[in-house]
Amino acid sequence: MADVAVIGAQWGDEGKGKIVDWLSARADVVVRFQGGHNAGHTLVIDGKTYKLSLLPSGVVRKGCVGVIGSGVVVDPFALLAEIERVRAQGVEITPKNLMIAENASLILPIHQELDQMRETSNDGVKIGTTKRGIGPTYEDKTGRRALRLVDLADPKTLPAKIDNLLGHHNALRRGLGGADVDAEALLKTLLEIAPKATAFARPVWRELDRARKEGKRILFEGAQGVLLDVDHGTYPYVTSSNTVAGQAATGSGLGPRAIGYVLGIVKAYTTRVGEGPFPTELDDETGRRLGERGREFGTVTGRQRRCGWFDAALVRQSLKIAGVDGIALTKLDVLDGMKELKVCVGYRIGGEDFDYLPASAGDQAAAEPVYETMKGWAGSTEKARSWAELPAEAVKYVRRIEELIETPVALVSTSPERDDVILMRDPFQD
Ligand code: GDP
Ligand code: IMO
Ligand code: MG
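Residue 51 in the numbering used here sits at position 59 of the sequence shown; the count goes up by one each step and never skips.
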């Protein structure tokens, strides 16, 4: 039985949360392995909506254990607030069904402030981040000065670690015209929340190793998407972590063989939040219609998502880079009633044809999409749960996408509700 990693194959918000929630019926453990509370994963279960940012989508399902791996950056304040919010919706969260890697790096208020200062300053490239402090925390992690969850449990060594961290940050803050942060005050705030946050701390690698030995099924839940990957995405307009499937091994503490099947989540059109190139973007009535029908507003920041046609060239590239075995095609219902649909099959850049998006930021900005036009469908795909319920043109659209991206469609999603899914191949059985 293969363990399954779910990753986004576009610029995030593909519907990972819904699919992970659906698949979690077949899993015992759901593991987040990168990103932080920049993610916003929406689950709709019997009409009730759950919005998760840091918590693995599995926590909502009784009997499923949620794990936050060391590849995730954890804001302990946001974590505790989210736990309270989700508990208020009737979900039980205890150290029995939620574990956080003791070696996960911590997002602190200084990181969030730095993210905000950079995004609002007129100097440098504006990325359009979620301003959650994600980038600055990964910088500190790689710079070997980050605080980690386990540090909160050791009040003796914590002051020196804070001094070391603030030595770096206060110099930076002064340069940006900000005020110094007081080490004593930060220590006090951290010690206040330490008992609650460290209650979930565990050697996650060991827990996962044990789960595997016991034959439990593990589902890895990616955040963001391949096009936001710090290596492979549309750099510099990316997030600060690796979002590809290989990160599921690194960010959880299991070897690469733990991942048997990689499921890419792909939206039937394209969206993006924040700045950066987007060749198939539609700044017209069709784009607005996609945004309205698809309710394309960010879960985390409430920002309007940019919308455009399906980009098969870019998705093919993402799937190959991430090593995807099959995809879940989501939000097919949003395309219901459109007369015609365009699919991007390549680009023209400076008079030359490309079947992939080159890495140069200049080329990416200049890329003109080459489209193939398909007939839309008059009927409805909404809430369909079998292939037979789909109008013939919708079937053709899915089949053509499958051909262009050179990857099989394992699932199709037809509404936000948990069970509105067409299952074609079970990723856990493949
Ligand atoms: P994630 O970040 O990849 O988990 O995706 P988000 O939750 O941020 O955004 C996806 C949005 O689309 C959410 O509001 C979901 O409830 C919704 N959604 C997911 N699948 C479908 C679908 O098949 N059809 C429709 N109409 N909405 C969907
Ligand atoms: P989920 O998991 C969509 C985008 C931000 C910005 C860039 C960098 O819900 O799919 P960051 O705060 O990470 O430094 O911002 O990445 N971004 C997302 N876009 N979905 C997400 O997560 C995102 N997380 C970050 O908008 O462009
Ligand atoms: Mg999202």
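For glycine and all other residues, C-beta sits at the position ideal for the given N, C-alpha and C.
Whole angstroms is fine: what's the gap from residue i's alpha carbon to residue j's?
{"i": "Asp67", "j": "His29", "result": "8 Å"}
{"i": "His324", "j": "Gln216", "result": "The sequence as given places Leu at residue 324; His does not occur at that position. Distance between the alpha carbons of Leu324 and Gln216: 20 Å."}
{"i": "Leu274", "j": "Val(-2)", "result": "28 Å"}
{"i": "Asp71", "j": "Val(-4)", "result": "Inspection of the sequence shows that residue 71 is occupied by Leu rather than by Asp. Those two C-alpha atoms are separated by around 25 Å."}
{"i": "Ile99", "j": "Arg194", "result": "18 Å"}
{"i": "Phe420", "j": "Tyr253", "result": "8 Å"}
{"i": "Ala462", "j": "Ile393", "result": "Residue 462 is absent from the structure shown; the chain starts at -7 and stops at 422."}
{"i": "Asp174", "j": "Leu46", "result": "28 Å"}
{"i": "Ile126", "j": "Ala384", "result": "44 Å"}
{"i": "Val65", "j": "Ala96", "result": "6 Å"}
{"i": "Lys367", "j": "Glu332", "result": "5 Å"}
{"i": "Thr291", "j": "Gly167", "result": "33 Å"}
{"i": "Tyr130", "j": "Lys118", "result": "18 Å"}
{"i": "Gly169", "j": "Asp132", "result": "20 Å"}
{"i": "Pro43", "j": "His33", "result": "A quick correction: the sequence has Lys, not Pro, at residue 43. Near 6 Å, if we compare the C-alpha coordinates of His33 and Lys43."}
{"i": "Val51", "j": "Gly7", "result": "17 Å"}
{"i": "Arg77", "j": "Phe69", "result": "12 Å"}
{"i": "Gly245", "j": "Val196", "result": "7 Å"}
{"i": "Arg297", "j": "Ala189", "result": "33 Å"}
{"i": "Val413", "j": "Thr86", "result": "30 Å"}
{"i": "Gly207", "j": "Arg285", "result": "42 Å"}
{"i": "Leu282", "j": "Thr373", "result": "15 Å"}
{"i": "Ala353", "j": "Glu176", "result": "44 Å"}
{"i": "Arg299", "j": "Pro269", "result": "Checking the displayed sequence, the identity of residue 299 turns out to be Cys instead of Arg. Rounded to whole angstroms, Cys299 to Pro269 spans 12 Å at the Cα level."}
{"i": "Glu184", "j": "Glu111", "result": "30 Å"}
{"i": "Arg18", "j": "Asp355", "result": "43 Å"}
{"i": "Arg295", "j": "Ala241", "result": "32 Å"}
{"i": "Gly371", "j": "Met330", "result": "10 Å"}
{"i": "Asp146", "j": "Phe192", "result": "15 Å"}
{"i": "Asp172", "j": "Gly266", "result": "29 Å"}
Among the options, which residue has its Cα nearest to the Cα of residue i?
{"i": "Val307", "options": "Asp172, Tyr261, Pro228 and Gly266", "result": "Tyr261"}
{"i": "Gly343", "options": "Val362, Ala351 and Met330", "result": "Val362"}
{"i": "Glu213", "options": "Ile257, Tyr227, Leu219 and Leu157", "result": "Ile257"}
{"i": "Trp369", "options": "Asn162, Ala386 and Ser49", "result": "Ala386"}
{"i": "Leu220", "options": "Val236, Gly207, Leu211 and Gln81", "result": "Val236"}
{"i": "Ala357", "options": "Leu382, Gly167 and Tyr339", "result": "Tyr339"}
{"i": "Lys40", "options": "Arg417, Ile119 and Arg410", "result": "Arg410"}
{"i": "Trp301", "options": "Val335, Arg280, Asp418 and Ser310", "result": "Val335"}
{"i": "Thr121", "options": "Leu246, Ser232, Ala73 and Asp201", "result": "Ser232"}
{"i": "Thr181", "options": "Thr226, Ile102 and Ala240", "result": "Ile102"}
{"i": "Leu327", "options": "Pro350, Phe346, Arg280 and Asp347", "result": "Arg280"}
{"i": "Phe346", "options": "Glu199, Arg295 and Pro271", "result": "Pro271"}
{"i": "Glu74", "options": "Lys88, Asn114, Ala31 and Asp115", "result": "Ala31"}
{"i": "Tyr229", "options": "Lys148, Arg264, Leu396 and Asn89", "result": "Arg264"}
Since residue i is in the beta strand (DSSP E), which residue starts that stretch and which ends it?
{"i": "Pro68", "result": "Where Pro68 is concerned, there is no enclosing beta strand (DSSP E), although the alpha helix (DSSP H) it sits in stretches over Pro68 to Arg79."}
{"i": "Thr34", "result": "His33 to Ile37"}
{"i": "Ser424", "result": "An answer regarding residue 424 cannot be provided, because it is not within the stretch -7 to 422 covered by the chain."}
{"i": "Tyr339", "result": "Glu332 to Ile341"}
{"i": "Leu282", "result": "First-last for Leu282: Glu277 to Arg285, but that is the alpha helix (DSSP H), not the beta strand (DSSP E)."}
{"i": "Leu415", "result": "Val413 to Leu415"}
{"i": "Tyr229", "result": "Neither: Tyr229 is in no beta strand (DSSP E) and is coded neither H nor E."}
{"i": "Leu90", "result": "Leu90 to Ala93"}
{"i": "Thr365", "result": "Glu360 to Lys367"}
Determine the extent of the alpha helix (DSSP H) in which residue i is found, giving its start and end residues.
{"i": "Leu178", "result": "Ala175 to Thr190"}
{"i": "Lys40", "result": "Looking at the DSSP string, Lys40 is not in any alpha helix (DSSP H); the run it does join, the beta strand (DSSP E), is Lys40 to Leu44."}
{"i": "Thr112", "result": "Pro101 to Thr112"}
{"i": "Gly159", "result": "Leu150 to Gly167"}
{"i": "Val317", "result": "Inspection of the sequence shows that residue 317 is occupied by Asp rather than by Val. Asp317 -> no alpha helix (DSSP H), and no H or E assigned at all."}
{"i": "Ile393", "result": "Ala384 to Ile397"}
{"i": "Lys205", "result": "Val196 to Lys205"}
{"i": "Leu211", "result": "Careful: Leu211 lies outside any alpha helix (DSSP H), inside the beta strand (DSSP E) at Ile210 to Glu213."}
{"i": "Thr134", "result": "Ile126 to Thr134"}
{"i": "Thr424", "result": "With the chain running from -7 to 422 in the structure shown, residue 424 is simply not present."}
For residue i and residue j, which I take to be in contact (beta-carbon distance under 8 Å), what is that distance rounded to the nearest angstrom?
{"i": "Arg137", "j": "Asn156", "result": "5 Å"}
{"i": "Arg204", "j": "Ala250", "result": "7 Å"}
{"i": "Ile319", "j": "Val401", "result": "6 Å"}
{"i": "Leu106", "j": "Leu164", "result": "7 Å"}
{"i": "Val12", "j": "Val57", "result": "Contact doesn't hold; Cβ gap of about 14 Å is too wide."}
One question on the structure: do residue i and residue j come within less than 8 Å of each other, judged by their Cβ atoms?
{"i": "Gly9", "j": "Ser49", "result": "yes"}
{"i": "Met109", "j": "Val59", "result": "no"}
{"i": "Gln26", "j": "Gly63", "result": "yes"}
{"i": "Leu150", "j": "Glu94", "result": "no"}
{"i": "Arg124", "j": "Gln104", "result": "yes"}
{"i": "Ala305", "j": "Tyr348", "result": "yes"}
{"i": "Ser310", "j": "Val218", "result": "yes"}
{"i": "Leu139", "j": "Ala186", "result": "no"}
{"i": "Val316", "j": "Thr399", "result": "yes"}
{"i": "Leu200", "j": "Leu15", "result": "no"}
{"i": "Pro408", "j": "Val23", "result": "no"}
{"i": "Ser378", "j": "Thr322", "result": "no"}
For residue i, decide whether its Cβ has a neighbour in chain C, counting only Cβ atoms nearer than 8 Å.
{"i": "Pro48", "result": "Reference to chain C is not applicable here, since this structure consists of a single protein chain."}
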